[in-house]
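Visitor: Chains as they are written, first to last, in the UniProt record's numbering: chain A, 1 to 361; chain B, 1 to 288; chain C, 1 to 298.
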Amino acid sequence: MADVVLRDVVKNYGALPVVHAINLDIAHGEFVVLVGPSGCGKSTTLRMIAGLEAISGGTVRIGDRVVNDLPPRDRNISMVFQNYALYPHMSVRENLGFSLHIAKRPKAEIDKAVAEAAEILSLTPLLDRKPGQLSGGQRQRVAMGRAIVRHPDVFLFDEPLSNLDAKLRTQMRVEIKRLHQKVGTTIIYVTHDQIEAITLADRIVIMRDGHIVQIGTPLEVFERPVNAFVATFIGSPPMNLLPATVAGGALRLADGSTIPMPPGLSVRDGQAVHFGVRADNIMPEGHSMPPTAHMAHVEMPVTLTEPLGTETLLFATLAGTEVQAKMLNPRPVRTGEVLRFGIALDKCHLFDATTGASLRV
Amino acid sequence: MDQGQSHRIRRRLLALGHFIGLLLAMSLICLPGLWVVLNSFRPTVEIMAKPPVWIPSELNLDNYRAMFGGIGEGGVPVLTYFWNSLVISLTSTVIALLVGMAGGYAFARYRIPGKSAVFVGLMVTRAVPGVALSLPLFILYGRLGIIDTHFGMILVYVALNVPFTIWLIDGFFRQVPKELAEAAEIDGCTRWQAFWKVEFPVARAGIASAGIFAFLTSWNEYALASQLTRSLNSKTMPVGLMDFTSQFTLNWGGMCALAVLMIIPALVLTFLVQKHLIAGLTFGGVKG
Amino acid sequence: MYRMRLPPWLLLLLPAFVILLAVVAIPLVLSFYSSFTAFQLTRPETITKWIGTFNYQKAMGDANFWAAFGRTVLLLTVALNLEMLLGLGLALMVAKVTRGQRLLRTMMMFPMMFSPILVGFQFKFIFNDNVGLLNNALQSLGLTDVAIPWLVDGSLAFFAIVFAEVWTSTSVFAILILAGLFAIPQDPVEAARVDGCTPWQTFRYVTLPFLMPFIYIAMAIRSLDVARAYDIVQVMTAGGPARRTELLWTLIGRTGYVDARMGYANAMGYIAILLSIVFTVYFFRKLTTARTSLGMGD
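1) Across which residues does DSSP place GLU299 (chain A) in a beta bridge pair?
2) Quick one: using the 10 Å Cβ neighbour count with 16 as the cut-off for buried, is HIS151 (chain A) buried or exposed?
3) For ALA50 (chain A), go through chain C and note every residue whose CB falls closer than 7 Å to its CB, in chain order.
4) In three-state terms, what does DSSP make of GLU190 (chain C)?
5) If we count the other Cβ atoms within 10 Å of its Cβ and call it buried at 16 or more, is TYR157 (chain B) buried or exposed?
6) Starting from the C-beta of ILE212 (chain A), find all residues in its chain whose C-beta is less than 8 Å away, skip the five residues before and the five after it, and write them out in chain order.
7) Of all the CB atoms in chain B, is at least one closer than 7 Å to the CB of ASP64 (chain A)?
8) How is ALA244 (chain A) classed by DSSP in three states: helix, strand or coil?
9) Cutting at 6 Å between CB atoms, please list the residues of its own chain near GLU73 (chain B), excluding the five before and the five after it.
10) Quick check on the DSSP output: what are the complete alpha helix (DSSP H) runs of length 4 or more inside the region 141-219 of chain B, in order along the chain?
11) Which parts of the region 157-203 of chain C are runs of the alpha helix (DSSP H), unbroken and 4 residues or longer, counting only runs that do not cross its ends?
12) Which of the three DSSP states, helix, strand or coil, is assigned to MET242 (chain B)?
13) List the endpoints of the continuous alpha helix (DSSP H) containing VAL120 (chain B).
14) Which runs of the alpha helix (DSSP H) fall wholly inside the region 71-131 of chain C and span at least 4 residues, in chain order?
15) So VAL67 (chain A) and SER99 (chain A) are in contact, right, with Cβ under 8 Å, and what is the actual spacing, rounded?
16) Taking 6 Å as the cut-off, is the beta-carbon of LEU23 (chain B) closer than that to any non-hydrogen atom of the ligand PLP?
17) Have a look at GLU285 (chain A) and PRO37 (chain A) and give me their C-alpha separation to the nearest angstrom.
18) Quick check: the Cα distance between MET237 (chain B) and SER92 (chain B), rounded to an integer number of angstroms?
19) By Cβ distance below 7 Å, which residues in the same chain neighbour ALA225 (chain B) in space, the five residues on each side in sequence not counted?
20) Does any residue of chain A bring its CB to less than 7 Å from the CB of ARG8 (chain B)?
21) What separation, rounded to the nearest whole angstrom, lies between the Cα atoms of GLY256 (chain A) and ALA244 (chain A)?
22) Would you call the region 299-319 of chain A in contact with the region 328-341 of chain A, where contact means no fewer than 3 C-beta pairs closer than 8 Å?
23) For GLY297 (chain C) and LYS115 (chain B), what's the separation of their Cα atoms in angstroms?
24) Establish whether the CB of LEU294 (chain C) and some CB of chain A are separated by less than 7 Å.
25) For LEU31 (chain B) and ALA218 (chain C), what's the separation of their Cα atoms in angstroms?
26) SER91 (chain A) to VAL176 (chain B), Cα distance in whole Å?
27) Considering only C-alpha positions, which residue in the set A:LYS11, A:LEU16, A:ILE26, A:THR44 is nearest to ARG203 (chain A)?
28) CA-CA distance, VAL35 (chain A) and THR44 (chain A)?
29) Kindly indicate the opening and closing residues of the beta strand (DSSP E) around GLN324 (chain A).
30) With DSSP collapsed to three states, give me the class of LEU164 (chain A).
31) Tell me the DSSP bridge mates of VAL260 (chain B)?
32) ASP8 (chain A) touches chain B at which residues, Cβ-Cβ below 7 Å?
33) Kindly provide the ranges of any beta strand (DSSP E) runs that are 3 or more residues long and lie completely inside the region 30-113 of chain B, ordered along the chain.
34) Using only the alpha-carbon positions, how far apart do ASN220 (chain B) and ASP231 (chain C) sit?
35) Decide if ASN329 (chain A) is buried, meaning its Cβ has at least 16 other Cβ atoms within 10 Å, or exposed.
36) Considering Cα atoms alone, identify which of A:ASP69, A:ILE62, A:VAL80 is closest to ASN163 (chain A).
In structure tokens:
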């Protein structure tokens with residue numbers, strides 16, 4: 001086991017920079033998820049740690065070794081790939097034991113390690129099959145098994161669940177978390193799915209355009225996003241953003257109506273901002289959480305409803321912008337019906353309209 | 001740190017080795033050919049000189065002038081050969097492609113009883129050496145009176161190329177999802193229209209690569225042509241090369257000039273479609 | 001009205017069947033028949049003179065035939081293996097190049113554009129003991145002062161033929177293997193590197209198994225095409241000197257056309273065809289196995 005440290009790590013493709021001098025400290029045994037939209041540099045970063053991409057600048061350290069110039073085989077890492085990357089000409093058993101076979105370990109030891117891994121991942125009955133005869137979920141488990149037999153310092157996961165169907169994905173998510181609890185190895189995990197990130201990670205690293213935007217625990221990035229990008233990227237449905245202006249201690253929306261200023265913010269009078277509120281914090285009266293100390297009230301016509309069972313997602317219009325709100329203990333709502341909504345202001349956010357930065361202090 | 005350093009040095013050395021290896025291989029591949037091109041511009045006397053002349057004293061077009069000069073002046077009816085080669089190769093390639101498309105489509109889309117046996121059977125016809133075929137064909141053609149005709153040569157070359165075009169094109173049609181044609185049929189196409197409007201365009205690259213192979217085979221074939229062509233009616237360029245030889249002498253410079261004339265069309269064609277060639281072989285190969 | 005309907009696949013394959021029947025099968029039947037006769041090209045009436053399996057028995061007992069047979073198998077084995085190894089090396093080197101690969105690929109295919117007959121003449125001149133490029137170069141560089149009899153000495157001539165054969169046909173392997181290299185999924189290769197493989201081990205355990213189908217395809221194509229060697233050998237040595245580079249095809253050609261003993265030539269031709277078919281079917285078998293083991297079977 002080992003910690004992983006990235007210092008000013010840069011990746012350029014020719015003249016095109018794809019990762020800009022990022023810094024990241026991953027502690028021993030930590031589960032860190034790199035998340036961001038496609039093309040944000042998260043996979044490239046992971047592949048630099050693996051040694052599959054050359055590092056254009058800065059240093060990568062695993063444990064006490066700077067690994068910049070080491071080939072992947074000398075880094076003592078394991079990787080699980082998006083497309084499983086199983087060797088199609090080898091049986092499951094041979095796939096699992098391949099790295100140990102390459103390392104010229106004694107046969108007995110290989111058999112023991114393979115049996116162990118197969119047991120953990122319930123692959124034992126499949127050991128003599130070829131990858132072509134396995135289902136998607138089984139292949140994924142073999143790929144994970146191949147990673148754990150080596151007892152590496154670090155596990156790397158590159159979007160391992162994106163080829164699975166929704167149900168299997170949820171199931172494998174649990175298996176990965178359980179695996180981490182069992183072996184306790186440092187894990188670096190790349191995904192574009194923020195739900196995966198929140199459910200799995202000890203800490204989330206949110207990336208965009210080759211920069212790290214925010215690092216924090218799932219709760220931190222959910223509750224205190226540093227900017228409008230993180231606010232809309234993390235959480236489902238995405239946070240509603242309404243253009244507004246700060247006017248005399250209140251917020252004036254696009255249609256001239258006002259909302260009281262949320263507490264705990266640092267703003268100038270006349271500043272152009274985006275008012276951010278999650279669907280969980282804007283609910284119709286009589287179908288909401290108990291009110292908090294700071295409440296605002298608005299009336300909105302409902303344009304569309306999406307029943308989710310225990311709650312209903314309401315699409316409504318506020319000051320010309322579409323807003324998503326949640327309705328607890330739902331009742332049927334007609335399209336066009338005007339409801340009165342309560343906004344929990346102490347859970348709301350303000351972002352500068354030009355920089356996008358959070359104005360929370 | 002030390003480990004990193006040695007890895008960096010090794011990488012440099014490997015890169016250097018790679019470059020040298022590539023250079024060596026490419027020279028081995030290209031030099032004999034370039035030597036032919038160079039000799040086509042030199043007088044035969046200088047080529048045959050002893051001691052050898054390494055740096056040519058003069059390069060001229062004499063060989064080409066003589067070649068195009070006509071039969072009377074020791075030239076060779078090269079334009080006629082060129083025309084024969086072109087007509088025979090192009091026509092046989094087009095026909096082989098059409099037949100190959102029909103056959104490849106059948107293999108890719110229909111259940112055929114004993115499919116792999118039929119397939120290997122087709123391929124094996126290619127295993128018959130031209131020299132073994134030329135004897136009976138000569139007799140047969142003689143009876144039919146199609147010796148020394150374009151038609152006869154085209155027929156032979158179509159047969160020579162069909163197994164291979166079927167194979168390559170089959171692989172390519174397999175890459176085209178069945179749903180594509182089905183969608184087109186639902187959109188109102190007949191099966192025939194669905195083929196030409198949807199499946200054919202998607203598989204076009206593979207068909208082009210099959211075409212190149214067929215063309216090169218016909219363009220360069222000698223064993224059969226030497227038996228089945230007799231005169232200016234149908235003699236192709238590879239057979240024409242023999243005009244430069246006689247019992248004891250050989251006009252090497254002239255031969256090189258004709259060789260250059262043979263290579264240029266092949267070179268241009270290959271360069272144009274080489275990208276599709278690789279793609280075509282990839283699909284045709286593994287999935288076939 | 002009742003019409004007999006052929007299944008569509010047969011209809012589509014019909015043109016191919018008809019042409020192959022006309023140009024390959026019928027002549028083969030004809031020559032198969034004549035291989036049981038004392039047919040001589042100069043005396044057409046001899047085609048009716050049935051002599052049973054005499055020609056085959058004669059071939060079986062003919063030392064020249066067996067020498068040519070052995071030499072042909074040797075040439076095939078040596079040439080195919082050399083071509084495979086060199087083609088593999090060449091493809092690996094070309095695949096690593098990032099800039100100018102298009103040009104390199106075209107250069108790599110250069111020999112494929114040469115007519116085998118031209119290749120024959122070209123190497124006849126390169127290996128000529130008196131004015132050949134090779135001896136000239138060796139002498140000018142001072143590596144030797146005698147003219148090495150490349151095409152006169154039996155084993156040197158065999159080497160020269162193998163060289164010419166390998167020169168023309170390595171491209172076929174290189175291009176097919178290159179196609180294979182492009183088709184290899186990158187994930188397993190990267191997985192192997194992370195799993196601790198050295199570049200050599202990655203090649204040995206992952207890349208090579210993926211390439212095997214392509215190698216067998218190239219082998220199959222080449223074993224179908226080996227008759228190309230006839231043109232080259234015919235021009236370079238015509239089976240000489242004193243039959244020391246005689247291959248099956250040159251022997252058949254000479255027996256049929258020069259000695260005009262068509263029946264006997266056809267009998268030997270059949271044995272040569274059988275040899276080709278054995279090679280081809282063998283490689284097709286290998287191909288199917290390799291494909292199945294990669295999970296790519298039908």
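Even for Gly, the Cβ is constructed at its ideal location relative to N, Cα and C.
Guide: In terms of the structure at hand:
1) The partner list for GLU299 (chain A) (beta bridge, DSSP) reads A:ARG340.
2) Exposed, since its Cβ has fewer than 16 Cβ neighbours within 10 Å.
3) Identification of chain C residues near ALA50 (chain A) by a Cβ-Cβ cut-off of 7 Å yields VAL194, ordered along the chain.
4) If DSSP states are grouped into helix, strand and coil, GLU190 (chain C) belongs with the helices.
5) Around the beta-carbon of TYR157 (chain B), 16 or more other beta-carbon atoms lie within 10 Å, marking it buried.
6) Excluding sequence positions up to five before and after ILE212 (chain A), its CB lies within less than 8 Å of the CB of ILE22, ASN23, LEU24, VAL205, ILE206, all in the same chain and listed in chain order.
7) It does not; no Cβ of chain B falls within 7 Å.
8) It is a strand residue.
9) Caution applies to GLU73 (chain B), whose pLDDT of 49 falls short of 50 and renders its modelled position unreliable; the model cannot decide the point.
10) Qualifying alpha helix (DSSP H) stretches, in chain order: 150-175, 178-186, 191-194.
11) Positions of the alpha helix (DSSP H) runs, each at least 4 residues long and wholly inside the region 157-203 of chain C, are given as 186-194, 199-202 in order along the chain.
12) Helix at MET242 (chain B).
13) 115-124 is the span of the alpha helix (DSSP H), which, as asked, contains VAL120 (chain B).
14) If we require 4 residues or more, the alpha helix (DSSP H) runs fully inside the region 71-131 of chain C come out as 101-108, 116-126.
15) At roughly 18 Å, the Cβ-Cβ gap does not stay under 8 Å, so VAL67 (chain A) and SER99 (chain A) are not in contact.
16) This structure lacks the ligand PLP, and indeed carries no ligand of any kind.
17) Going from the Cα of GLU285 (chain A) to the Cα of PRO37 (chain A) covers about 36 Å.
18) Rounded to whole angstroms, the gap between the alpha carbons of MET237 (chain B) and SER92 (chain B) is 16 Å.
19) Within the same chain, ALA225 (chain B) has close Cβ partners MET153, THR236, PRO238, VAL239.
20) It does: the Cβ of ARG8 (chain B) has a partner Cβ on chain A nearer than 7 Å.
21) Cα atoms of GLY256 (chain A) and ALA244 (chain A): separation of roughly 9 Å, rounded to the nearest angstrom.
22) With a cut-off of 8 Å, the region 328-341 of chain A and the region 299-319 of chain A count as touching, because enough Cβ pairs lie within range.
23) Any reading at GLY297 (chain C) must be qualified, since the residue scores a pLDDT of 47, below 50, and its modelled position is unreliable; the value itself is stated next. Each residue's Cα considered, the two are about 14 Å apart.
24) LEU294 (chain C) counts as touching chain A.
25) Take the alpha-carbon of LEU31 (chain B) and the one of ALA218 (chain C): they are about 25 Å apart.
26) About 30 Å.
27) That would be A:ILE26, whose Cα lies nearest to the Cα of ARG203 (chain A).
28) If I take the Cα positions, the gap works out to 12 Å.
29) Run containing GLN324 (chain A): 321-328, per the beta strand (DSSP E) assignment.
30) Note: LEU164 (chain A) maps to coil in three-state DSSP.
31) For VAL260 (chain B), DSSP records no beta bridge to any residue.
32) Correct list: empty, because the minimum Cβ distance to chain B is about 17 Å.
33) Within the region 30-113 of chain B, no complete beta strand (DSSP E) segment of 3 residues or longer occurs.
34) Distance between the alpha carbons of ASN220 (chain B) and ASP231 (chain C) is about 11 Å.
35) Sixteen is the threshold: since fewer than 16 other Cβ atoms of the shown chains lie within 10 Å of the Cβ of ASN329 (chain A), the residue is exposed.
36) Closest option to ASN163 (chain A), Cα to Cα, is A:VAL80.
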